[in-house]
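One structure is given here, and the rest of the page talks about it.
2 protein chains.
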Amino acid sequence: MAKVLVIGCGGVASVAIRKCCMRDDVFTELCIASRTLSKCDALKAKLEGRTKTKITTAQVDADKTDEVIALIKRVQPDLVMNIALPYQDLAIMDACLACGVNNLDTANYAPENTDDPVWREKYEKRCKQEGFSAYFDYTWQWAYGDKYKKAGLTALLGSGFDPGVTQVFCAYAQKHLFDTIETIDILDCNGGDHGYPFATNFNPEINLREVSAPGSYWENGRWVEVPAMSIHRTYNFDGVGEKDMYLLHHEEIESLAKNIKGVKRIRFFMTFGQSYLTHMKCLENVGMLSTTPVEFEGKEIVPIQFLKALLPDPASLGPRTVGKTNIGCIFTGVKDGKRKTAYIYNVCDHQECYREVESQAISYTTGVPAMIGAMMLVTGKWNKKGVYTPEEFDPDPFMEELNKNGLPWKVVESPELVD
Amino acid sequence: MAKVLVIGCGGVASVAIRKCCMRDDVFTELCIASRTLSKCDALKAKLEGRTKTKITTAQVDADKTDEVIALIKRVQPDLVMNIALPYQDLAIMDACLACGVNNLDTANYAPENTDDPVWREKYEKRCKQEGFSAYFDYTWQWAYGDKYKKAGLTALLGSGFDPGVTQVFCAYAQKHLFDTIETIDILDCNGGDHGYPFATNFNPEINLREVSAPGSYWENGRWVEVPAMSIHRTYNFDGVGEKDMYLLHHEEIESLAKNIKGVKRIRFFMTFGQSYLTHMKCLENVGMLSTTPVEFEGKEIVPIQFLKALLPDPASLGPRTVGKTNIGCIFTGVKDGKRKTAYIYNVCDHQECYREVESQAISYTTGVPAMIGAMMLVTGKWNKKGVYTPEEFDPDPFMEELNKNGLPWKVVESPELVD
Numbered sequence: 004m005a006k007v008l009v010i011g012c013g014g015v016a017s018v019a020i021r022k023c024c025m026r027d028d029v030f031t032e033l034c035i036a037s038r039t040l041s042k043c044d045a046l047k048a049k050l051e052g053r054t055k056t057k058i059t060t061a062q063v064d065a066d067k068t069d070e071v072i073a074l075i076k077r078v079q080p081d082l083v084m085n086i087a088l089p090y091q092d093l094a095i096m097d098a099c100l101a102c103g104v105n106n107l108d109t110a111n112y113a114p115e116n117t118d119d120p121v122w123r124e125k126y127e128k129r130c131k132q133e134g135f136s137a138y139f140d141y142t143w144q145w146a147y148g149d150k151y152k153k154a155g156l157t158a159l160l161g162s163g164f165d166p167g168v169t170q171v172f173c174a175y176a177q178k179h180l181f182d183t184i185e186t187i188d189i190l191d192c193n194g195g196d197h198g199y200p201f202a203t204n205f206n207p208e209i210n211l212r213e214v215s216a217p218g219s220y221w222e223n224g225r226w227v228e229v230p231a232m233s234i235h236r237t238y239n240f241d242g243v244g245e246k247d248m249y250l251l252h253h254e255e256i257e258s259l260a261k262n263i264k265g266v267k268r269i270r271f272f273m274t275f276g277q278s279y280l281t282h283m284k285c286l287e288n289v290g291m292l293s294t295t296p297v298e299f300e301g302k303e304i305v306p307i308q309f310l311k312a313l314l315p316d317p318a319s320l321g322p323r324t325v326g327k328t329n330i331g332c333i334f335t336g337v338k339d340g341k342r343k344t345a346y347i348y349n350v351c352d353h354q355e356c357y358r359e360v361e362s363q364a365i366s367y368t369t370g371v372p373a374m375i376g377a378m379m380l381v382t383g384k385w386n387k388k389g390v391y392t393p394e395e396f397d398p399d400p401f402m403e404e405l406n407k408n409g410l411p412w413k414v415v416e417s418p419e420l421v422d
Numbered sequence: 004m005a006k007v008l009v010i011g012c013g014g015v016a017s018v019a020i021r022k023c024c025m026r027d028d029v030f031t032e033l034c035i036a037s038r039t040l041s042k043c044d045a046l047k048a049k050l051e052g053r054t055k056t057k058i059t060t061a062q063v064d065a066d067k068t069d070e071v072i073a074l075i076k077r078v079q080p081d082l083v084m085n086i087a088l089p090y091q092d093l094a095i096m097d098a099c100l101a102c103g104v105n106n107l108d109t110a111n112y113a114p115e116n117t118d119d120p121v122w123r124e125k126y127e128k129r130c131k132q133e134g135f136s137a138y139f140d141y142t143w144q145w146a147y148g149d150k151y152k153k154a155g156l157t158a159l160l161g162s163g164f165d166p167g168v169t170q171v172f173c174a175y176a177q178k179h180l181f182d183t184i185e186t187i188d189i190l191d192c193n194g195g196d197h198g199y200p201f202a203t204n205f206n207p208e209i210n211l212r213e214v215s216a217p218g219s220y221w222e223n224g225r226w227v228e229v230p231a232m233s234i235h236r237t238y239n240f241d242g243v244g245e246k247d248m249y250l251l252h253h254e255e256i257e258s259l260a261k262n263i264k265g266v267k268r269i270r271f272f273m274t275f276g277q278s279y280l281t282h283m284k285c286l287e288n289v290g291m292l293s294t295t296p297v298e299f300e301g302k303e304i305v306p307i308q309f310l311k312a313l314l315p316d317p318a319s320l321g322p323r324t325v326g327k328t329n330i331g332c333i334f335t336g337v338k339d340g341k342r343k344t345a346y347i348y349n350v351c352d353h354q355e356c357y358r359e360v361e362s363q364a365i366s367y368t369t370g371v372p373a374m375i376g377a378m379m380l381v382t383g384k385w386n387k388k389g390v391y392t393p394e395e396f397d398p399d400p401f402m403e404e405l406n407k408n409g410l411p412w413k414v415v416e417s418p419e420l421v422d
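See below:
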């Protein structure tokens, strides 16, 4: 039925590709492209014989629009799934626009070099205007809206779990559960245990940015910014138990604030264990999280890169991580004139994910929605022309596929609220 | 009156040298020798004009007995003060024996390479025999006892504060306060604050060994070994306040067990702040305290050495450290048929030390007793021939000089005991 070009072959991409191959009724041809061809070939070798999807591979440097254009022209896909690095979002969008192909990604564009003065100026202007200071946001990609519309193309932004499924949950709540949604709390809980005193699921530099950036939330039509990790709550998560969580800025707050009409407050909380936070703090205190090179024995060494070399390889965590994730949204609002509350969430088990696709739940919960987003686009179930986030489409077919493809969700009425 | 050769020009040596120069009635000539001649010359330049002591300097590699012998022959000192590294104790003792010169040091011999199989074999045999596993102990230096006696020479081992003054306190308690000492608790409290979240007063590798080595104490004629940091107490220290302290192995327990007749239990406690311990633990967990080289960007890097490069230079802590140290011994026992308890201790202020000798109290409390030990030997007040620890001499003249030279002590009857 559809031919898809996947750019990227890391943890999340591998899950998305494996899940596409399980749905060979929809994804009849896949081209897997990344900087490292051997990774693509290895994955292809694992999958062939277990799927009817016809798989090809290609080498591409996705930083280079020209290379991506050439690849698209050769492959002639119906859709480009960008599961590479967020740094490459714009180069890939340019290429898709040039070739007239729909595309999706799983995370907001962020510049690779946040010290670049051109970026810095734009960023600081936006922080001043908008009132929040996350280095990632939608402005860069929303700027493509008119061009995509004119070209009759669709770009689906952020089709992972959060952002992604969380926004589909909001659209579902808006469509079926509420006349007016007043507050949304997005809760991202990882109850997984890898058995190491300290390890990070991905690049420690990105982990650090998360915990050291100011938090922010949307309230009464404006952003409220608070010091990093200054708003702390505990919550008793289904399938996981009681966990500490902290308010963070998160990208989907920005689009939900525009698209959920009448919403008064949107917050995002993520769980962090005390041990994780203590290690981050101690490492920061001694300078080990610094990105500024230090002269050591005649060589320039970037402390956080040396730390990365000492820590367990994130890829090695998969087989040893046990426990579950629980990600979802708590809503308060009004239905048929009555106040009500509801909680939509998914619980995902690290070991079950690993048995199914050789990745733990962190990659699984992002990779599956990427596949489903692709399915929505190639089947034409989502077909608005322009640049959109997931809550701007009909949630029902997406919600149905979540249940069918390993991410079943629950709706709980009158849940425990976050104060 | 006396000519002394000082080997070493680091933090402790600088204090000892400055204090010798304040006692130019005793120390009429000093030769300062170290690996780095410029350090000796710089200290000489600071002191000249402010003392009658005649100062010369020399370069020496104290690892090499021959170089030390040549230096002693040239300088012709009455005493060698070894305030270099503990690794060099034996080379210097050999040189002094060859030249017929008395000597003292401030810390037990420890091999530089604890992986050396010759050392390893001896060490493991001793641990098995004795029942404790500190990598430093007196056996190596006690083995010189007969040779020193025959040569009519004296070696004073460990004339710092702990070991050193703590043993003099014990001898004083034995001479004046008790007929029988039953228990000794040595309490080493550093209540100093340098204002950094984490920094070490000396080499972090040595700090690490301290907190990661098994603790041990002497009880009823044998060693009791316990897991690292497993015995924790709090104590309310005069001049400092309440502090957490942990039982450690410490070298003077070994000599006191032999020399304080009838003693039933000897323990050593050192204070550590929770923040210090948390940082050490986190750094250990991620591998930053490892001494095993790691391959990084084509170069072998020893994690703890890279950490050392990131941490504040210990020498920079002096001017910014505030607060006090409190080091002393609590005794229980019998006098005139009655049970009694007593506590002898010194309180030392980091800032006052810095104003006097440009070093904080950690170096001060070790350097002053080194000077006093030297005074005991060159004045003949301590003159037994052989290899001895401080408690084996008459404590009274040493105690008198502590009061005169910046380390006044108190005796408190019926103190708070450690349970």
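If you're matching them up, the sequences are chains G and S in order.
Under our numbering, the first residue of the first sequence carries the number 4, and numbering increases by one thereafter.
Under our numbering, the first residue of the second sequence carries the number 4, and numbering increases by one thereafter.
Beta carbons are placed, not taken as given, at the ideal position from N, Cα and C, and that holds for glycine.
Computed from a prediction, not measured in an experiment: that's the story for all the values here.
- With a threshold of 8 angstroms between beta carbons, G/Leu88 makes no contact with chain S.
- Cβ proximity to chain G below 9 angstroms picks out nothing from the stretch 22–33 of chain S.
- Listed in chain order, the beta strand (DSSP E) elements of length 3 or more contained wholly in the stretch 181–243 of chain S are 183–193, 218–222, 225–229, 235–240.
- Inclusion of G/Val104 and G/Ile75 in the CB contact set at 8 angstroms is warranted, their separation being smaller than that value.
- Looking at the backbone, the Cα of S/Thr117 and that of S/Lys125 are separated by about 11 angstroms.
- Linking S/Ser258 to S/Tyr141 through their CA atoms gives a straight-line distance of about 8 angstroms.
- Apart from the 5 residues on each side of it in sequence, G/Ser417 sits with its Cβ closer than 7 angstroms to the Cβ of Thr344 in its chain, given in chain order.
- Beyond the five residues adjoining it in sequence on each side, S/Val63 comes within less than 8 angstroms, by CB distance, of Ile10, Ala36, Ser37, Arg38, Glu70, Val71, Leu74 in the same chain, given in chain order.
- Legend: CB atoms of the stretch 181–199 of chain G lying less than 9 angstroms from CB atoms of chain S belong to residues Tyr199.
- Remark: three or more beta-carbon pairs, one from each stretch, lie closer than 8 angstroms, so the stretch 180–197 of chain S and the stretch 263–275 of chain S are flagged as touching.
- Judged by DSSP secondary structure, S/Met96 falls within the alpha helix (DSSP H) whose first and last residues are 92–102.
- Below the 9 angstroms Cβ cutoff, chain S contributes Val297, Glu298, Phe299, Glu300, Ile304 as neighbours of G/Ala312, in chain order.
- From the beta-carbon of S/Thr281, the residues of chain G found nearer than 8 angstroms are Thr281, Cys285.
- Fully contained in the stretch 267–315 of chain S are the following beta strand (DSSP E) runs of length 3 or more, in chain order: 268–274, 297–299, 302–304.
- At least one CB of chain G lies nearer than 8 angstroms to the CB of S/Asn288.
- Among the CB atoms of chain S, none fall inside 8 angstroms of the CB of G/Phe275.
- Rounded to the nearest whole angstrom, the C-alpha separation of G/Val7 and G/Pro411 is 25 angstroms.
- Counting only residues of its own chain and dropping the five nearest sequence neighbours on each side, G/Arg123 has no CB closer than 6 angstroms to any other CB.
- In the three-state reduction of the DSSP assignment, S/Tyr348 falls in the strand class, which pools E and B.
- When the five nearest sequence neighbours on each side are left out, the beta carbons in the same chain lying within less than 7 angstroms of the beta carbon of S/Trp143 are those of Leu93, Tyr112, in order along the chain.
- Residue-level contact check: S/Phe334 does not touch chain G, since none of the beta carbons of chain G fall below 8 angstroms from its beta carbon.
- Contact between G/Thr109 and G/Val15 holds: their C-beta atoms lie close to 6 angstroms from each other, under 8 angstroms.
- In this structure, the alpha-carbon of S/Thr203 lies about 8 angstroms from that of S/Leu314.
- Contacts between G/Phe135 and chain S, judged by CB atoms closer than 8 angstroms, are missing: the closest CB pair is about 28 angstroms apart.
- By the rule that beta-carbons nearer than 8 angstroms mark a contact, S/Met291 touches chain G.
- Counting along the chain, G/Asn116 sits inside no beta strand (DSSP E), nor does DSSP assign it H or E at all.
- Between S/Pro400 and S/Met379, the C-beta spacing is below 8 angstroms.
- Around the beta-carbon of S/Glu303, fewer than 16 other beta-carbon atoms lie within 10 Å, marking it exposed.
- In this structure, the CA atom of G/Met4 is about 46 angstroms from the CA atom of G/Leu310.
- By the 16-neighbour rule on beta-carbons within 10 angstroms, S/Gln132 is exposed.
- In this structure, S/Glu228 sits near S/Ser136, with a CB-CB distance shorter than 8 angstroms.
- G/Ile269 and G/Glu287 have their C-alpha atoms some 30 angstroms from each other.
- In the three-state reduction of the DSSP assignment, G/Val390 falls in the strand class, which pools E and B.
- For the pair of segments examined, the stretch 319–337 of chain G was found not to touch the stretch 249–258 of chain G: the number of CB pairs separated by less than 8 angstroms stays below three.
- For S/Phe201, the nearest CB of chain G lies under 8 angstroms from its own CB, placing it at the interface with that chain.
- Out of S/Thr186, S/Asn106, S/Lys246, the CA that lies nearest to the CA of S/Lys327 is found in S/Lys246.
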